[in-house]
Amino acid sequence: MSNIRAIRGMSDILPDETPTWQYVEAVVRELVASYGYAEIRLPIVEQTDLFKRSIGEVTDIVEKEMYTFNDRNDDSLTLRPEGTAGCVRAAIQNGLLTTPRRLWYAGPMFRYERPQKGRQRQFHQVGVEAFGVSTPDMDAEMILLSARLWQQLGVADGVQLQLNSIGSLSARAAYRQALVEYLQQRREELDEDSQRRLDSNPLRILDSKNPQTQALLDEAPVLSAYLDQESRDDFARVRELLDAAGVAYVENPRLVRGLDYYNKTVFEWVTDRLGAQGTVCAGGRYDGLVEQLGGKSVPAIGFAMGIERLVLLLQASAQEPKPEPTADLYIVSAGEGAQREALAVCEQLRDAFPGLRIVQHTGGGSFKSQFKKADKSGARLALVWGDDEVASGTVTLKALRDESGKQAGQQTVALEQLQQTLRALLADWDIARGSS
RNA sequence: GUGGCCGUAGCUCAUCAGGUAGAGCACCGGAUUGUGACUCCGGAGGUGGCGGGUUCGAGACCCGUCGGCCACCCCA
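Dropping the structure here:
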């Protein structure tokens with residue numbers, strides 16, 4: 019019988035990587051807070067209909083990528099494939115749609131896709147949503163917030179902002195008709211996927227990667243020509259605000275989104291450092307979704323980022339946080355009496371030095387092997403208890419690392435002196451750290 | 001869902017007309033009896049992803065399957 023393995027596309031995030039994850043999460047958390055966004059925590063499972071009605075029945079996500087199952091009550095449930103739908107549902111249900119409402123969330127999402135770099139079946143997103151403001155200043159705020167993230171993560175030189183307006187529902191419908199008419203004439207020249215989408219989701223043909231299809235589109239009607247006046251004006255204002263704030267962007271008239279609920283401003287941050295899955299953040303306006311899901315008519319805008327991709331981007335850009343040792347103090351003790359005393363004293367130390375990472379040697383072994391562990395732990399200092407120390411009421415402090423590379427020293431002090439001695443050593447280290 | 005490449009110790013990899021596996025790193029122990037990092041010595045660890053087939057004999061060849069990577073697709 020073979021071992022049980024993780025589900026395909028659902029990977030473990032190992033201790034080597036969690037520091038980078040925590041770093042990204044911490045930066046995001048502080049950033050959204052600094053713009054006044056409040057965290058909301060949402061269920062991972064929702065009624066299947068929620069996603070069908072929001073993302074769109076004919077999208078790839080709903081058609082073939084959702085983890086859908088019936089529960090014991092025979093209700094159809096789905097592991098969320100994205101966060102916006104659940105956030106909107108929660109905002110409606112809990113009366114959060116007073117204006118304006120700024121929310122963010124993070125957590126796992128599930129899509130049944132073929133795994134590859136930057137794409138997994140369980141992946142993690144941070145989502146940022148703002149309800150109740152229809153004016154383009156909110157669009158600009160969203161984009162500025164995301165732009166600041168790249169600055170703070172040190173990857174601003176690796177990402178590019180692409181911007182478009184897909185207009186109102188009716189403008190899009192008119193354009194859609196014109197595009198289909200044009201492409202129908204040339205159906206034979208389209209690639210297979212695009213032919214299929216001609217009937218189901220023709221706007222998605224715009225971002226086809228097929229060169230021949232892209233060439234065909236050069237002569238095709240353009241979306242911008244079909245935009246309603248309000249969308250035009252708002253889009254112009256968004257660009258004006260971005261210009262004023264010094265955020266560079268590229269207008270991409272073929273930028274469309276794969277989820278049906280978007281309108282007006284849409285944007286994507288893309289990078290060339292991640293291979294085929296280069297979209298690292300994407301979003302846009304979805305003014306009709308709240309009403310469509312049964313709420314009042316409330317405009318909204320939001321975006322989502324894939325944390326795996328952010329982590330990959332940091333790695334590709336050599337911007338990962340430096341690995342920190344997991345210990346400051348390592349406690350070496352030999353003999354039952356020594357260990358008893360060490361354990362008790364360490365609890366006192368934890369009271370006296372909150373935040374200090376004190377690792378107790380467990381599992382016995384010789385001094386030699388214990389010191390090997392102490393060294394591996396990365397601790398700066400070992401506290402040593404042996405028979406001699408217990409007999410004389412002392413403890414030995416041995417420095418394992420020295421910033422200056424000097425020979426490490428060792429001293430034995432009375433137990434009553436331990437906290438005082440430690441305090442002095444820690445103060446020295448802080449100074450050394452501050453100056454380095 | 002489609003295609004290409006790949007799957008040997010914890011990790012990175014090697015070996016060989018096909019004759020039941022090795023290195024480096026990591027791990028454990030030792031080098032005068034209470035002290036790490038360097039060095040030296042020794043040790044443990046693999047039903048060669050899994051299941052079939054060909055063969056006297058397969059990790060090496062064939063098929064299937066699972067998994068990984070990359071691309072298509074999709075999208076964060």
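Sequential numbering from 19 applies to the first sequence in our numbering. The C-beta atom is built at its ideal place from N, Cα and C for all residues, glycine as well. In this text, all values refer to a predicted model and were calculated from it rather than measured experimentally.
- Here the C-alpha atom of E248 lies approximately 21 Å from the C-alpha atom of P118.
- Counting the other Cβ atoms within 10 Å of the Cβ of N182 gives 16 or more, which makes it buried.
- The beta carbon of G427 is closer than 7 Å to those of A417 in its chain, skipping five residues each way along the sequence.
- If you look at Q180, you'll find it in the beta strand (DSSP E) that goes 177-183.
- When the beta-carbon positions are compared, G296 and V288 come within less than 8 Å of each other.
- In its chain, beyond the 5 residues on either side, L121, Y123 have a beta carbon closer than 6 Å to the beta carbon of I58.
- For T430, there is no enclosing alpha helix (DSSP H); the residue is found in the beta strand (DSSP E) stretching over 428-432.
- The three-state reading of DSSP puts R119 in strand, counting E and B together.
- Apart from sequence neighbours up to five positions away, the residues of its chain that approach T430 with a beta-carbon distance below 6 Å are T412, T414, ordered along the chain.
- Judged by DSSP in its simplified three-state form, P126 adopts strand.
- For K135, there is no enclosing beta strand (DSSP E), since its DSSP letter is neither H nor E.
- Where G104 is concerned, the enclosing alpha helix (DSSP H) starts and stops at 102-111.
- In the DSSP assignment, S94 falls within the unbroken beta strand (DSSP E) covering 94-97.
- Within the same chain, Cβ atoms closer than 8 Å to the Cβ of L311 are found at L68, R71, S72, A103, V106, R107, I110, the five residues on either side in sequence being excluded.
- In the displayed model, Y348 falls within a strand according to three-state DSSP.
- The C-beta separation of L401 from V350 comes to about 7 Å, placing the pair in contact by the 8 Å criterion.
- In the three-state reduction of the DSSP assignment, G355 falls in the helix class.
- Scanning R137, F385, L273 for the CA closest to the CA of I325 turns up R137.
- In this structure L241 is not in contact with I319, their Cβ atoms being roughly 19 Å apart against a cut-off of 8 Å.
- A Cβ-Cβ separation of about 14 Å leaves D157 out of contact with R250 under the 8 Å criterion.
- Per DSSP, the beta-bridge partners of A400 are Y348, K416.
- Around the beta carbon of L347, 16 or more other beta carbons lie within 10 angstroms, which makes this residue buried.
- The Cβ atoms of L115 and K282 do not sit closer than 8 Å to each other.
- Q140 carries a strand assignment under DSSP once its states are collapsed to helix, strand and coil.
- Every unbroken stretch of the alpha helix (DSSP H) spanning 4 or more residues and falling wholly within the segment 48-83 is given here in chain order: 66-73.
- Annotated three-state conformation of T297 is strand, per DSSP.
- The C-alpha of Q378 is placed about 57 Å away from the C-alpha of D225.
- A189 counts as buried, since at least 16 other C-beta atoms from the protein chains shown sit within 10 angstroms of its C-beta.
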